[in-house]
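Peer 1: Have a look at the structure that comes next, please.
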Amino acid sequence: MKINFIILSFVVVHFALSQELDVVHVPIGINSEPANAPVKLELIHRKQMYNTRPDSAADVYDGRVHSPKSAIFNALSHKLYINALEGYVTLVYNDSTFKFINRIDHKFQADDSSLFNNESTVFDYKYAYRKDSFNIFSGKPVESCLSHNGKYLWVTYYRRSYDANAISPSAVAIIDTETDKIVRVMPSGPLPKMIAASPDNKYIAVTHWGDNTIGIIDIQSDTVSQFRYIKQFIVGYKQTFDFEPGEKIDRDNDCGYCLRGTVFTPDNKYLLVSRMGGGGIAIFDMVNLKYLGTVFGMKSNLRHIVINNDDIYISSNLTGFVQKAKLQDVIENKLKNPGKDTQFTDWQSCYTGGVGARTICVSSDGRYIFVAVNNDSKIAVIDSQTMRLISNISCDSYPVGMALSHNDRTLVVTSQGKRGQGGHSVMMFNIEYVDK
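Counted the way my numbering counts, the sequence shown spans residues 4 to 439.
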């Protein structure tokens, strides 16, 4: 079997898998430490699939919470969406009471063909299988974003259920958030994870963990059937596979640059994508639809990128660090050398106290950073002004996804679990800001 991949990505994942930690299940009412921190968190509610007889009424057993990967709030519909990857379902809850509202099943049969707009692939991707219909499958929901001011929820599928190696085209579901119904399914490249909408609702970026590419969708129409791919960006090279029938491919390792964090700049001019394998941030000119090159100089193994006001924040999974820089400085560094890889080292750094820094959320005023620290089963809080760790709270193993409510008062954390341990938990934390 011959696979092109970056050695560092293998080392990173191998290191993460070698870390053995005890599984943690925390009680309702647990508080953050220290008690005198300027930000205080308390676990006030939980949906979980591991304890059928919980001690608290706020600790709700829900058999649908199967390997929850990510969460997102929608202010327009007052809903909270949870993507349960192994359950092939997106769960819908009220965003303040956490009452169950709906479920969105990502399973398609022949009578769902109208959702696919006569499409089964894009950018000339080929399937590694022979099937009568490629659009009869179940999809594993990974990440999501909102467009059209919250009208549409976009959900990426890790893979189609028949594609065990995640090397064939996958798909992206578009959901009407008023009805919570899937209104269209668009094909994608292999193994899409992150997805982002431009602030002006002009583009959707679908980032493919599986082959070093990003698909750009034009969404300027108000009619979902008119949404269309207009560009494919390639970072370095397009990952290809040569394997024997029945051979298993480890896509956590064999992912090229393992593209992950994805965000548009507030002025809509640039797209930034983190490279978990090989390091760096790939930057794209969205006016001319060109790849400008990669900026290096930060910590390795970048997982997530957030832009808040004038600052860019990144999480380094392997090292457990969160870093901050001025967004304009990063962009200008790249514009001075378009088309070439560059070095930018003017980062402020904070160690979270553990490894496995996954999703990060930043309060709307930019003051506080919340970090899911996967291997240590905790949430870390950082003061962005000083870039110092100010608070921690333990959570169910192993936290991976997070969403911060629009009033900054509720933090939702998903614990997916790994290697058959931990996970199956969605935790709701109340946040108190002492200085507000």
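Just so you know, even glycine gets a beta-carbon here, dropped at the ideal spot from N, CA and C.
Using only the alpha-carbon positions, how far apart do Asn444 and Asn77 sit?
Peer 2: Past the edges of the chain, shown from 4 to 439, lies residue 444, and the structure says nothing about it.
Peer 1: Buried or exposed: which applies to Asp314, given that a residue is buried once 16 or more other Cβ atoms fall within 10 Å of its Cβ?
Peer 2: Looking at its Cβ environment, which holds 16 or more other Cβ atoms inside 10 Å, Asp314 is buried.
Peer 1: Is Ser428 helix, strand or coil when you go by DSSP?
Peer 2: Three-state result, Ser428: strand.
Peer 1: Hey, is the segment 269 to 279 in contact with the segment 198 to 206, meaning 3+ C-beta pairs nearer than 8 Å?
Peer 2: Because the criterion of three Cβ pairs below 8 Å is met, the segment 269 to 279 and the segment 198 to 206 touch.
Peer 1: Quick one: what's Val374 bridged to in DSSP?
Peer 2: BP columns for Val374 point to Ile363, Ala383.
Peer 1: Can you grab the Cα-Cα spacing for the pair Ile207 / Lys184, in whole Å?
Peer 2: Approximately 19 Å, taken between the alpha carbons.
Peer 1: Between the Cα of Asn97 and those of Val175, Val415, Lys43, Arg254, spot the shortest distance and give me the residue it belongs to.
Peer 2: The option with the nearest alpha carbon to Asn97 is Val415.
Peer 1: Would you identify the three-state DSSP class for Lys337, choosing helix, strand or coil?
Peer 2: If DSSP states are grouped into helix, strand and coil, Lys337 belongs with the helices.
Peer 1: Mapping the DSSP letters down to three states, classify Phe287 as helix, strand or coil.
Peer 2: Strand.
Peer 1: Would you kindly check if the distance between the Cβ of Ile385 and the Cβ of Cys398 is under 7 Å?
Peer 2: No.
Peer 1: Name the one or two DSSP bridge partners that Gly142 has.
Peer 2: Arg163, per the DSSP bridge assignment.
Peer 1: Would Ile263 be called buried (16 or more neighbouring beta carbons within 10 Å of its own) or exposed?
Peer 2: Note that residue 263 is Arg in the sequence shown, not Ile. Answer is buried; the Cβ neighbour count reaches 16.
Peer 1: Give me, in chain order, the residues of the same chain whose beta-carbon lies closer than 8 Å to that of Val42; leave out the 5 immediate sequence neighbours on both sides.
Peer 2: The answer, listed in chain order, is Ser35, Tyr371, Val384, Ile393, Ser394, Ile434, Glu435, Tyr436, Val437.
Peer 1: How far does the beta strand (DSSP E) with Arg306 in it reach, from first residue to last?
Peer 2: Segment 305 to 311, the beta strand (DSSP E) holding Arg306.
Peer 1: Given Pro57, which residues of its chain have a CB within under 7 Å of its CB, disregarding the five upstream and five downstream residues?
Peer 2: Cβ within range, chain order: Tyr64.
Peer 1: When the Cα atoms are used, what is the spatial distance from Thr355 to Ser319?
Peer 2: Cα to Cα, Thr355 sits roughly 10 Å from Ser319.
Peer 1: When you compare the CB positions of Thr446 and Pro144, do they come within less than 7 Å of one another, or not?
Peer 2: Nothing in the structure corresponds to residue 446, since the chain is present only between 4 and 439.
Peer 1: Who are the near neighbours of Gln331 in its chain, counting only those whose CB is closer than 8 Å to its CB and skipping five residues on each side?
Peer 2: Around Gln331: Asp313.
Peer 1: Checking 7 Å against the spacing of the C-beta atoms, do Thr210 and Thr265 come in under that value?
Peer 2: For Thr210 and Thr265, yes; Cβs fall inside 7 Å.
Peer 1: By the 10 Å Cβ neighbour count, where 16 or more other Cβ atoms means buried, how is Ala328 classified, buried or exposed?
Peer 2: That one is buried.
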